[in-house]
Amino acid sequence: MKTTQFELLRKSVGAALLIALGDYALLKLGEPLGPFLFALGLLGVCYMGQNLFTGKCGFWLADSIPLSDLMLILLGNLAAGWSFGWLFSVADPGLVPPAQAKLAAWTLSFPFLIRACLCGVVMYVAVLLYRKGTALGILFGIPLFIFCGFQHCIANVITLGVARSWHWSLPLAVLGNFAGSLFTWWITRDAEHRNT
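So in numbering that gives the first Met the number 0, spot 155 of the sequence shown is number 154, and the numbers just go up one at a time.
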């Protein structure tokens, strides 16, 4: 049965909510606990079948996802993510200073783009391993990208919502996540069909 645009958006909002909960924990608790609790977000996305751009973009070609659907998922994630972040800032104003501190460290630069690409690599591997029957890629991959300072566009837009702000590095994070995921698929694509 063909997925409707409403269904795509509904599942995109669901994914944004789950990732937002992870970002809430990260902003509230910081390191070292926050990065591990953040993993609940991607676990929820995968087990509940929600639409997360960074979990789908690496499989865009392999799964024959229409580009228009992928863009709708991205827009749904971004709009809902920023909105959930804003709601969290209202519910817990203590989240705002750490969100603003993270935002102050972002730059419109080549190193930022590379860190976004590396996040795309981690996300692709984590989701591929989940598809092969193990959550270990998520449980290790999410803390890995957070501890390393890799940039995740949906987590970043949630942080922007908490900070009630905008930053031009967001499109760079989207581009890097997409490129890193798709490149990893391309160089390792035989692994999708391997059972061991």
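Note that the Cβ used here is the ideal one computed from N, Cα and C, for glycine as well.
None of these values were measured; they are calculated from a predicted model.
Tell me whether alanine 103 is buried or exposed, calling it buried when 16 or more other Cβ atoms sit within 10 Å of its Cβ.
-> Per the 10 Å Cβ criterion, exposed.
If you draw a straight line from the alpha carbon of leucine 162 to that of leucine 51, how long is it in whole angstroms?
-> As written in the sequence, residue 162 is alanine, which differs from the leucine given in the question. Rounded to whole angstroms, the separation of the alpha carbons of leucine 51 and alanine 162 is 22 angstroms.
Could you tell me the boundaries of the alpha helix (DSSP H) in which aspartate 68 lies?
-> Here the alpha helix (DSSP H) through aspartate 68 covers 66 to 90.
From this set, Ala15, Ala115 and Pro96, which residue's C-alpha is nearest serine 168's C-alpha?
-> When each option's Cα is compared against that of serine 168, the closest is Ala115.
Alanine 134 in three-state terms, based on DSSP | Coil, per DSSP.
Less than 8 angstroms between the CB atoms is what I'm expecting for alanine 79 and alanine 15, so what's the real figure, rounded?
-> Cβ-Cβ separation between alanine 79 and alanine 15: approximately 4 angstroms, consistent with a contact (criterion under 8 angstroms).
Whose C-alpha, out of Leu181, Asp62, Trp81 and Ile72, is nearest the C-alpha of glutamate 6?
-> Of the candidates Leu181, Asp62, Trp81 and Ile72, the one whose C-alpha sits nearest the C-alpha of glutamate 6 is Ile72.
Ignore the nearest five residues each way along the sequence and tell me which others in leucine 138's own chain have a CB closer than 7 angstroms to its CB.
-> Residues Ala38 of the same chain have their beta carbon placed closer than 7 angstroms to that of leucine 138, with the five preceding and five following residues left out of the count.
Within 10 angstroms of the Cβ of lysine 131, are there 16 or more other Cβ atoms? Answer buried if so, exposed if not.
-> Around the Cβ of lysine 131, a 10 Å sphere holds fewer than 16 other Cβ atoms; the residue is exposed.
What's the gap between the Cα of threonine 195 and the Cα of cysteine 147?
-> With a pLDDT of only 45 at threonine 195, under 50, the local geometry of the prediction cannot be trusted, and the value read off the model is given with reservation. Threonine 195 and cysteine 147: Cα-Cα distance of roughly 28 angstroms.
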